[in-house]
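Notes to accompany the following structure.
Number of protein chains: 2
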Amino acid sequence: MTRKSEDAGRSTIRDVAARAGVSASTVSRVLGGMYPVSSATRTRVMRAVRDLDYVADARAKAVAGVATPTLAFVLEDITGPSFALMAHGVEREATRLGHLCLVCSTEGDVQNELEFVEMMRAQRAAAVILVGGAADTAEYRDRTRRMADSLASAGSRLVLCGRPPLGPGAPVTVIEYDNEGGAYALVAHVLAQGHRRVLFLGGKSDHTTAQGRERGYLAAHRARGLEPDPDLVRHGDFTRDSGHRLMRGALKDELEFTAVVAATDMVAAGALTALHEAGVDVPGDVSLAGYDDIPFARDLHPALTTVHVPYEELGRLAVRTALGRTPENSDQHLLLGTHVVVRNSVVPPRESGGAREAASLG
Amino acid sequence: MTRKSEDAGRSTIRDVAARAGVSASTVSRVLGGMYPVSSATRTRVMRAVRDLDYVADARAKAVAGVATPTLAFVLEDITGPSFALMAHGVEREATRLGHLCLVCSTEGDVQNELEFVEMMRAQRAAAVILVGGAADTAEYRDRTRRMADSLASAGSRLVLCGRPPLGPGAPVTVIEYDNEGGAYALVAHVLAQGHRRVLFLGGKSDHTTAQGRERGYLAAHRARGLEPDPDLVRHGDFTRDSGHRLMRGALKDELEFTAVVAATDMVAAGALTALHEAGVDVPGDVSLAGYDDIPFARDLHPALTTVHVPYEELGRLAVRTALGRTPENSDQHLLLGTHVVVRNSVVPPRESGGAREAASLG
DNA sequence: CTCCGCTCGGGAACCGGTTGCTATCCATGT
DNA sequence: ACATGGATAGCAACCGGTTCCCGAGCGGAG
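Protein chains in written order, with my numbering: chain Z, 1 to 362; chain R, 1 to 362.
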């Protein structure tokens, strides 16, 4: 009868006070715990709190100066495995540090991003983490710079996570991974197996992540004194469907190659399926490599050789750095390492063969 | 010089008022837009707002009665593909409806869940969405019921999404999908191909989602007058590693079967890899089916026959229903359909053969 | 028997907004 | 010329908390 029968909506601290026969200040103090209160009073108050199922309004507390620290992260689409990994890292670390965690997916729309950052400023979020590559245009830098300043002047902080850094002096924390280096190492590995015509299935050509991986591809060739045939690099996006489409196109064009390097594991997965559909054996006829080392990579058949990116760690680091209190490290820029993980999808080429013959036999 | 030179932290509405030479009320009104203000005043105020880069504190607004609607969802681990899909649906629909979106992953810890729900109550979230199966114990019902009441009395709402429903009368919205039905249809399909010994790789035996799928497996057999060999159902969890381990175990035990039904696509992926490793051909020697229809399922080789679950729609519906204003539909319970999607991993069994012989030959 | 200091609780101001009520100004209508 | 009223802007109260400051009661020391 007593317990929670008198709901009728959220109760205030004054309701509790009235029920306990004390003042609101006293309730606040026993809940705060940092103030001497007689145990009799404490008991009465606690009882009233339980009876009313009272929880102090976090927004009101915030206004009064006792904020619930909050942090936001925005990505394009949480559905992508590598994004999900980062999100997980961010979320874990944030809650470990006692922060609430707001998400927003922009679906690639700049306008959404802008609006969301504005909301976060209104929420007085401790930090806003922008995740994932983007086109590095002047407009991008300008816009992002403005967000950074705006956030900074509100006592908040912008974090760029795997996203093109701004010029120096911007109040921004940047966490990246060695994107180009990973691609370089991977392609070097493929080349070392003896492949000479390796097809590159890239992403959008203005997307910095895609660019970095393509640069690695080129650099690895040049380091061996090779100049890759321009016909061998094709552009799409980072989706599974793009890999499938691009691969089918390459097959139809009767392009000659003995290995394929995909810009992401998703692209590789699509490409692999297209290869299977065309009757091309992987890695027998054609070797295949991916990028990201998403959990699924090892369950592809053959298990995918790829480059490991510490996505979850990236996310964790992003929040730890953003929330790091030391003021001297204000404009940090971190770079995490990547490494290739060798599985079964890349082997030396046959003396003769490759995609063209395999497909025409199929 | 003028612009944003006078940062020094967030500015208040009174700063803006002072700079524009008006009162705080006036600033509030021009920002609110719903009150007649002379255009001269409006201009001065807007200019001050821009100069100071002012954004009203959302928490203060909330206290004053103009809340930013917020909604929370909590899941075990956003890294799982089906969870990610639901998260995406939730997030999309929430922002479409103008809500902010808080996340929390519990890592399976009940304590975390409880604490988070309490925070959400303090935040006055419009709804809290609990995602993913759980053990349906008395303790679970009791605890969840308590959360529901607590939230309800604070004017909020608990949504159970793919999670065991409470008894009637609980102030809860439940969104489920036809878990057992999907499994039934899938196993019926496998049986219809002629398989008689089908191995079931299940999840935790107290987990309701796992139970539902297992019930479907059993029911499909019985509908045909078959009683499956108890040795053919094995329990693990819903991870890729579990599938791998279970499959290896079954192979080592020289269990006889011609088809495998995995409780999730992840489990199927692990099992498939184990099968490949043992030199068993899929679907030649053994057929394989999964559950969830995660995007990756069709890039497995062979492309995985599985049952499609409308996860994203589930998430969208969860928020739409939770936020649905009609008060008559207070204790809603929705059930979404599932359907099997036939790909290449299930074919009729060979006259003789199956896993045992294939493995011993390999 | 005072006086002092400590413990404990209440009143009121404040946080950063919103909004009801009121006062002023100015342009009409007659 | 005066009443009338619409358009604007300001004052002050309020939202739900926290905390500063102060006073009351009480026990021990001098």
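The beta carbon of each residue, even a glycine, is placed where N, CA and C say it ideally should be.
For residue i, which residues from the same chain have a beta carbon less than 8 Å from its beta carbon, with the 5 sequence-adjacent residues on both sides left out?
i, result
"A234/Z", "Before going on, a small fix: residue 234/Z reads as Arg here, not Ala. So the list reads L199, F200, L201, G202, L246, G249 and A250, once near-sequence residues are dropped."
"V342/R", "H189 and T305"
"P283/Z", "P302, N344, S345, V346 and V347"
Would residue i count as contacting chain R if we go by Cβ distances under 9 Å?
i, result
"E180/Z", "no"
"R10/Z", "yes"
"I13/Z", "no"
"H276/Z", "yes"
"C161/Z", "no"
"R50/Z", "no"
"T43/Z", "no"
"A56/Z", "yes"
"M119/Z", "yes"
"I129/Z", "no"
So residue i packs on residue j, CB below 8 Å; how close in whole Å?
i, j, result
"F238/R", "T264/R", "5 Å"
"A446/Z", "A48/Z", "Chain Z is shown only over 1 to 362; residue 446/Z falls outside these bounds and no answer can be derived."
"R121/Z", "L151/Z", "6 Å"
"P69/R", "A126/R", "5 Å"
"Y140/Z", "P164/Z", "7 Å"
"Q193/R", "P348/R", "5 Å"
"L314/R", "G162/R", "7 Å"
"L31/R", "Y177/R", "Wrong, their Cβ atoms sit about 44 Å apart, outside the cutoff."
"A60/Z", "V63/R", "5 Å"
Would you say residue i faces chain Z, with C-beta separation under 9 Å as the test?
i, result
"Q111/R", "no"
"E91/R", "yes"
"T273/R", "yes"
"C101/R", "yes"
"F296/R", "yes"
"D331/R", "no"
"L300/R", "yes"
"A122/R", "yes"
"P69/R", "no"
"V347/R", "no"
"R143/R", "no"
"G270/R", "yes"
Considering only C-alpha positions, which residue in the set the options is nearest to residue i?
i, options, result
"E256/Z", "G279/Z, D285/Z and G270/Z", "D285/Z"
"G296/R", "V260/R, G324/R, A274/R and R240/R", "Sequence check: residue 296/R is Phe here, not Gly. Out of V260/R, G324/R, A274/R and R240/R, R240/R has the C-alpha closest to the C-alpha of F296/R."
"A223/Z", "E139/Z, L52/Z and V187/Z", "V187/Z"
"S11/Z", "R29/Z, R50/Z, S242/Z and G132/Z", "R50/Z"
"L232/R", "V282/R, L218/R, G225/R and E113/R", "L218/R"
"A67/R", "D253/R, H99/R and P171/R", "H99/R"
"L272/Z", "H301/R, L191/R and T79/R", "H301/R"
"A262/Z", "D149/Z, L288/Z and D281/Z", "L288/Z"
"L102/Z", "A259/Z, L75/Z and D229/Z", "L75/Z"
"D149/Z", "C161/Z, D292/Z and V172/Z", "V172/Z"
"V260/Z", "K252/Z, H195/Z, A134/Z and E277/Z", "H195/Z"
"V90/R", "L335/R, R350/R, V319/R and T43/R", "V319/R"
"H276/Z", "H244/Z, A138/Z and V131/Z", "H244/Z"
"V45/Z", "A58/Z, S25/Z, A60/Z and K61/Z", "S25/Z"
"A269/R", "D292/R, K252/R and R350/R", "D292/R"
"M266/Z", "R146/R, E93/R and D299/R", "D299/R"
"M86/Z", "L130/Z, G225/Z and D109/Z", "L130/Z"
Count the other CB atoms within 10 Å of the CB of residue i; is the residue buried (16 or more) or exposed (fewer)?
i, result
"E107/Z", "exposed"
"E371/Z", "Since the first residue shown for chain Z is 1 and the last is 362, residue 371/Z is missing from the structure and cannot be characterised."
"S38/Z", "exposed"
"G212/R", "buried"
"R316/Z", "buried"
"G363/Z", "With chain Z covering 1 to 362 only, the question about residue 363/Z has no answer from this structure."
"T258/Z", "buried"
Return the chain-ordered list of same chain residues with a C-beta closer than 6 Å to the C-beta of residue i, the five sequence neighbours on each side being excluded.
i, result
"H333/R", "V174"
"D77/R", "S105"
"S205/Z", "H235"
"H339/R", "H308"
"P81/Z", "I294"
"D142/Z", "none"
"E214/R", "G202"
"M1/R", "Summary for M1/R: the model assigns pLDDT 34, below 50, so the residue's position carries little reliability, and this model does not support an answer."
"G167/R", "none"
Give every residue of the same chain whose Cβ lies closer than 7 Å to the Cβ of residue i, excluding the five residues on either side of it in the sequence, and list them in chain order.
i, result
"G132/Z", "L75, E76, F83, G162 and R163"
"R29/R", "Y35 and V37"
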